[in-house]
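Visitor: Got a structure for you, questions after.
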Amino acid sequence: MGGDLLTLFLCGDVMLGRGVDQILPHPGEPALREGYLRDARAYVELAAARNGPIPYPAGFSWPWGDALEVLDEAAPAARVLNLETSITQYAGFAPEKEIHYRMNPANLPCLAAARPDVCVLANNHVLDFGRPGLADTLGTLADAGLRTAGAGADTGAACRPAVVPVADGRRILVFSFGMPSSGIPRAWAAAGDRSGVDFVAGPAPAAAGEINGRVRQWKRPGDLAVASVHWGPNWGYHVLRSEAAFAHALLEGGVDIVHGHSSHHPRALEAYRGKLAIYGCGDFIDDYEGITGYEEYRDDLRPLYLVTVDPDTGRLHEVRITALQARRMRLRYASRRDSRWLQGLFDRISTGFRPCVADAPEGTLTLRPS
Numbered sequence: 001m002g003g004d005l006l007t008l009f010l011c012g013d014v015m016l017g018r019g020v021d022q023i024l025p026h027p028g029e030p031a032l033r034e035g036y037l038r039d040a041r042a043y044v045e046l047a048a049a050r051n052g053p054i055p056y057p058a059g060f061s062w063p064w065g066d067a068l069e070v071l072d073e074a075a076p077a078a079r080v081l082n083l084e085t086s087i088t089q090y091a092g093f094a095p096e097k098e099i100h101y102r103m104n105p106a107n108l109p110c111l112a113a114a115r116p117d118v119c120v121l122a123n124n125h126v127l128d129f130g131r132p133g134l135a136d137t138l139g140t141l142a143d144a145g146l147r148t149a150g151a152g153a154d155t156g157a158a159c160r161p162a163v164v165p166v167a168d169g170r171r172i173l174v175f176s177f178g179m180p181s182s183g184i185p186r187a188w189a190a191a192g193d194r195s196g197v198d199f200v201a202g203p204a205p206a207a208a209g210e211i212n213g214r215v216r217q218w219k220r221p222g223d224l225a226v227a228s229v230h231w232g233p234n235w236g237y238h239v240l241r242s243e244a245a246f247a248h249a250l251l252e253g254g255v256d257i258v259h260g261h262s263s264h265h266p267r268a269l270e271a272y273r274g275k276l277a278i279y280g281c282g283d284f285i286d287d288y289e290g291i292t293g294y295e296e297y298r299d300d301l302r303p304l305y306l307v308t309v310d311p312d313t314g315r316l317h318e319v320r321i322t323a324l325q326a327r328r329m330r331l332r333y334a335s336r337r338d339s340r341w342l343q344g345l346f347d348r349i350s351t352g353f354r355p356c357v358a359d360a361p362e363g364t365l366t367l368r369p370s
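Residue numbering for the sequence shown is 1 to 370, as defined by the UniProt record's numbering.
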């Protein structure tokens, strides 16, 4: 290894709208246009019916629960999360979507409680309230001093990486883009005169080459490049050959970490030529507790990923995973039994690692390249 190691917090989907927004101090308009439920407060009732009453109003830090303690102790150099929520009071529901997420801008302190360094926005919910809602989202985050990547007022802004300065003049570059396999409508793509997301049509070699070209333009010695990609279905562990080939091409072309998300549960991790690809982090915060039908995937378990690399080479040192669980719309430490379930899952679906080790403190799993 080179100099001091660098640790990043890489987070899956953070959905602070709908039911989560309703338990916070400034709930927005609860009306929905879903076939399943028509009022966001009903998701709170479903969660309470399953796991117990939820305080109202909850404090801004309530949804993060024990995750904040883990992050404070780990003190990562950067905190990168997929913000899967429009932050707006705009009333125009995107007609091409069946599910819409929005958080009242007055509840932004909930997001700020986790002190994110980058909110990646190239996902299938950031334009749930159209381009006016996206403009509100971008403006609210900018006013709060929160960096974003993956969406913007035009193509140039949407494709521009977030730049996080770290020690010794180093930088972490976060490139965010999304694919239609995650449910992003093609019409949401940013253009020269149109706001939107950095839309990539699919995991093709040409797309990987274009992203690698961007990385080379921005990256300088000492920088670490993260490719944060919203892709794949909500459910299922299978990684397509095209997805793996795409991730490999990025890691061979200058990207140091592939940070995948969209699935409601963790997908495979891969150590490839000394670097890391996470194909799907799984959900982190949402209002899904009372929804049934996919219990086999244990989407109530919410992994917190701390990725440690050599900043000189991007070479992976280890991935520490704290097993958390959603209860009463709050993250808490998972039980030993549930941590062992996740341990078995990661051993089964991941490649290029030694067997997953259960470390102290309780609920921490460690994956090291083989």
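Glycine included, each C-beta is placed from N, C-alpha and C at the ideal position.
By the three-class DSSP mapping on this structure, what secondary structure does residue 159 have?
Guide: Three-state result, residue 159: helix.
Visitor: Decide if residue 125 is buried, meaning its Cβ has at least 16 other Cβ atoms within 10 Å, or exposed.
Guide: buried
Visitor: Measuring only the C-alpha atoms, how far is residue 169 from residue 51?
Guide: Their backbone Cα atoms lie some 47 Å apart in a straight line.
Visitor: Go ahead and pull the three-state DSSP assignment for residue 152.
Guide: Secondary structure at residue 152: strand, using DSSP grouped into helix, strand and coil.
Visitor: Below 8 Å, how does it come out for the stretch 131-141 and the stretch 80-96: are there three or more Cβ pairs, yes or no?
Guide: Yes: the two stretches touch, three or more of their Cβ pairs being nearer than 8 Å.
Visitor: Helix, strand or coil for residue 215? Go by DSSP, reduced to three states.
Guide: helix
Visitor: Give me the Cβ distance between residue 84 and residue 15, rounded to the nearest whole Å; I'm assuming they're in contact under 8 Å.
Guide: 5 Å
Visitor: Give a single yes or no on whether residue 278 has its beta carbon closer than 7 Å to a heavy atom of the ligand COA.
Guide: With respect to the ligand COA, the structure offers nothing, as it holds no ligand at all.
Visitor: Which one or two residues does DSSP pair with residue 365 in a beta bridge?
Guide: 321 and 358
Visitor: Rounded to the nearest angstrom, what separates residue 48 and residue 42 at their Cα positions?
Guide: 10 Å
Visitor: Could you name the residues of the same chain whose beta carbon sits closer than 7 Å to that of residue 61, not counting the 5 residues immediately before and after it, in chain order?
Guide: By the criterion of a C-beta distance shorter than 7 Å, residue 61 is surrounded in its chain by 68 and 113, once the five residues flanking it on both sides are discounted.
Visitor: What do you get for residue 371, buried or exposed, if any count of 16 or more other CB atoms within 10 angstroms of its CB means buried?
Guide: Limits of the chain in this structure are 1 at one end and 370 at the other, which puts residue 371 out of reach.
Visitor: Using 10 angstroms around the beta-carbon of residue 354, count the other beta-carbons present and answer buried if the total reaches 16, otherwise exposed.
Guide: Within a 10 Å sphere around the beta-carbon of residue 354 sit fewer than 16 other beta-carbons, which makes this residue exposed.
Visitor: My output table needs one value for residue 11: the three-state DSSP class, helix, strand or coil.
Guide: strand
Visitor: Determine the burial state of residue 206: buried for a count of at least 16 other Cβ atoms within 10 Å of its Cβ, exposed for fewer.
Guide: By the Cβ-count criterion, residue 206 is exposed, with fewer than 16 other Cβ atoms from all chains shown falling within 10 Å of its own Cβ.
Visitor: Please identify the residue among 343, 140, 22 and 256 whose C-alpha is closest to the C-alpha of residue 220.
Guide: 256
Visitor: Going by DSSP, name the residue or residues bridged to residue 258.
Guide: Beta-bridge partners of residue 258 (DSSP): 227 and 277.
Visitor: Could you spell out the range, first to last residue, of the alpha helix (DSSP H) harbouring residue 340?
Guide: That run of the alpha helix (DSSP H) goes 336-349.
Visitor: Taking the DSSP output, what are the residues bridged to residue 103?
Guide: 87
Visitor: For residue 322 and residue 187, I'd like the C-alpha separation in whole angstroms.
Guide: 37 Å
Visitor: In this structure, how does DSSP classify residue 4 when only helix, strand and coil are distinguished?
Guide: Coil at residue 4, not helix or strand.
Visitor: Which first and last residues belong to the alpha helix (DSSP H) in which residue 70 is found?
Guide: 67-74
Visitor: Tell me the residue span of the beta strand (DSSP E) that contains residue 301.
Guide: 301-309
Visitor: Considering just the uninterrupted stretch of the alpha helix (DSSP H) at residue 249, what are its terminal residues?
Guide: 241-253
Visitor: Can you name the residues that DSSP bridges to residue 178?
Guide: 199 and 230
Visitor: Per DSSP, residue 120 forms a beta bridge with which residues?
Guide: DSSP, once it has assigned bridges, lists 82 and 149 as partnering residue 120.
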